[in-house]
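Only one structure is covered here, and it is reproduced in the block below.
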Amino acid sequence: MIFRPWSLVAVTLYALHTMAVDPTDISKDTVRKISRNSEPMRQAIEKIASEDVVFSCLDDESVEWRYRSANSTEFKAMSTAENFGIKNLTVKDEGVYACYSQGKFIAEYNLTVLEPAHFVNAGKMPRIVVKPAGNMAQLKCRAGGNPTPNITWYKNGREPKRHYGEYRQNHWSLLMEDLVTDDTGNYTCVVCNPLACVNFTYVMDVVANVTALVNSTVQLLCPQLVADLEPFVEWVFFNSSHDFQNDTRLEGRKLKNTLKPEELEISNVTYDDEGWYVCIAANSLGRTTAKAYLSVVDVLSDPQESKPSTLKIGLIIAAVTACVFLLLFYICIYYRQKIKREKRQKMIAIESARSAMITQWTKKVIIEKMSNAEDVSEPLVIPQK
1 MIFRPWSLVA
11 VTLYALHTMA
21 VDPTDISKDT
31 VRKISRNSEP
41 MRQAIEKIAS
51 EDVVFSCLDD
61 ESVEWRYRSA
71 NSTEFKAMST
81 AENFGIKNLT
91 VKDEGVYACY
101 SQGKFIAEYN
111 LTVLEPAHFV
121 NAGKMPRIVV
131 KPAGNMAQLK
141 CRAGGNPTPN
151 ITWYKNGREP
161 KRHYGEYRQN
171 HWSLLMEDLV
181 TDDTGNYTCV
191 VCNPLACVNF
201 TYVMDVVANV
211 TALVNSTVQL
221 LCPQLVADLE
231 PFVEWVFFNS
241 SHDFQNDTRL
251 EGRKLKNTLK
261 PEELEISNVT
271 YDDEGWYVCI
281 AANSLGRTTA
291 KAYLSVVDVL
301 SDPQESKPST
311 LKIGLIIAAV
321 TACVFLLLFY
331 ICIYYRQKIK
341 REKRQKMIAI
351 ESARSAMITQ
361 WTKKVIIEKM
371 SNAEDVSEPL
381 VIPQK
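Residue numbers (UniProt numbering): 1 to 385.
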């Protein structure tokens, strides 16, 4: 057999992941006795990720194993051991493993590695999401597995529906634009493939906006149920760039009102005041919070303009439908009049042709009578054809 230097390099790189296996350690279900004179063997093998696998070939020193990945068309030399094994399988190990002896094809194993559905970067998925009304929220449940899992979303245990706007699903994420307080709820993603199902629940809280004009004065009140937990009430501010989460430590800028702790008054409002305002109330029984988002604008928008865009879309659709209906109506009238006009013209043409024939026939009768007139008293006779 010809020695190939590059095959030695490939074997060295793969050494940490593969192993030459003692035939006594191989189960009868995995190894089949192969004879040099028998027909080439082809076998499909399915394994679950993290399991081990062993491929068998001839009891011969001239064995060569070649591997072709699922995404490739070329084989690479892997090992010269009679039995070739891989420990702790991953999806990357999928492919075709072929055994050759003295250049002759002996056996081929088509390996499929199945992987249960699982979340990717589950530690980066915040369980609690807080967003101000009017903003956008994107909930991500990135997952992996083989076969590729499917994903289903639920809101409070049911199929998600919105009164305003719609849900947009982009592979592993759920997108909601122009949030309203009705979007508050528990959003659960369920990811499944034939091997396993996993789920994750986001608790989303959509907070109503408080809008104030620049240089105006605004008052924020702690809800009565929260303020009843006195004697300790404190306000904390987070700027608009902060991605506020309920499970985040409340380490923003502290604000206080010594006369009425449950009320917070902001005078001469500026754009720097825009952001989250959290009311913290605590006593010996525990601590609770309430929050609001202050939006600062130059001019307050007309309430008529702040209606949901779906209403405008509905009006546009109605107007377009009416225009199409009128257009079709006028087209029908036009073609009906055209058909009547063509029919009338056809009748006129027929009548004209008939009149011309009668006139021609009358002239013929008169001419023949005059040519045979010896006796004026003879009656007129219609000439015979």
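In this text, a Cβ means the ideal position worked out from N, Cα and C, and glycines have one as well.
Keep in mind that this is a model prediction, so the values were computed, not measured.
Short Cβ contact (8 Å threshold) for residue i with residue j
i	j	result
V218	V210	yes
G103	R68	no
V130	K291	yes
R162	E108	no
L264	W235	yes
A208	W172	no
Y271	V296	yes
I86	V53	yes
N110	A44	yes
M136	E177	yes
N275	L300	It is worth fixing the name first, because residue 275 is Gly in this sequence and not Asn. Against a cut-off of 8 Å, the Cβ pair of L300 and G275 comes out as no contact.
T181	M204	no
P40	F105	yes
Own chain partners of residue i with C-beta closer than 6 Å, once the 5 adjacent residues on each side are dropped
i	result
F232	A282
L221	E263
T201	N186, T188
A98	R66, E108
residue 386	Residue 386 is absent from the model: the chain starts at 1 and stops at 385.
S101	L58, D60, S62, V63
I333	none
L175	Q138, R168
E115	A49, V91, G145, N146
N239	G275
S216	V269
Beta-carbon separation (whole angstroms), residue i vs residue j, contact threshold 8 Å
i	j	result
V214	A133	V214 to A133, Cβ: 20 Å. No contact.
N150	C192	6 Å
S51	L89	The identity of residue 51 in the sequence shown is Glu, whereas the question assumes Ser. Right, the Cβ-Cβ distance comes to about 5 Å (below 8 Å), so this counts as a contact.
N156	N186	5 Å
W153	Q138	So it is not a contact: roughly 12 Å between Cβ atoms.
A212	V269	5 Å
Assigned secondary structure, residue i (DSSP; H/G/I helix, E/B strand, else coil)
i	result
M347	helix
K338	helix
K87	coil
G103	coil
C332	helix
K291	strand
G144	strand
Y271	helix
V180	coil
A70	coil
K47	strand
C222	coil
S352	helix
D298	coil
C323	helix
L315	helix
G95	strand
K124	helix
C197	strand
P116	strand
P40	coil
residue 432	Coverage of the chain is limited to positions 1 through 385, which leaves residue 432 absent and any answer about it impossible.
K215	Note that residue 215 corresponds to Asn in the displayed sequence, not to Lys. In this structure, N215 counts as coil in the three-state DSSP scheme.
K155	strand
P261	coil
F75	coil
C189	strand
Residues near residue i in its chain [Cβ-Cβ closer than 8 Å; skip 5 each side]
i	result
E74	R68
S117	Per the sequence shown, residue 117 should be read as Ala rather than Ser. Answer for A117: A143, G144, G145, P149, V191, C192, N193, L195, A196, C197, V198, listed in chain order.
residue 386	Look at the range of the chain in this structure, 1 to 385, and you will see that residue 386 is not part of it.
P303	Low per-residue confidence applies at P303: pLDDT is 48, beneath 50, and the placement is therefore not dependable, though the value from the model is reported in the following sentence. Correct list: empty, nothing qualifies.
E305	Interpretation of E305 is limited by its pLDDT of 49, a score under 50 that renders its predicted location unreliable; no figure is taken from the coordinates.
P160	W153, Y154, Y167, L174, Y187
D298	L213, V214
Residues near residue i in its chain [Cβ-Cβ closer than 7 Å; skip 5 each side]
i	result
A70	E94, G95
D273	I266, L294, V296
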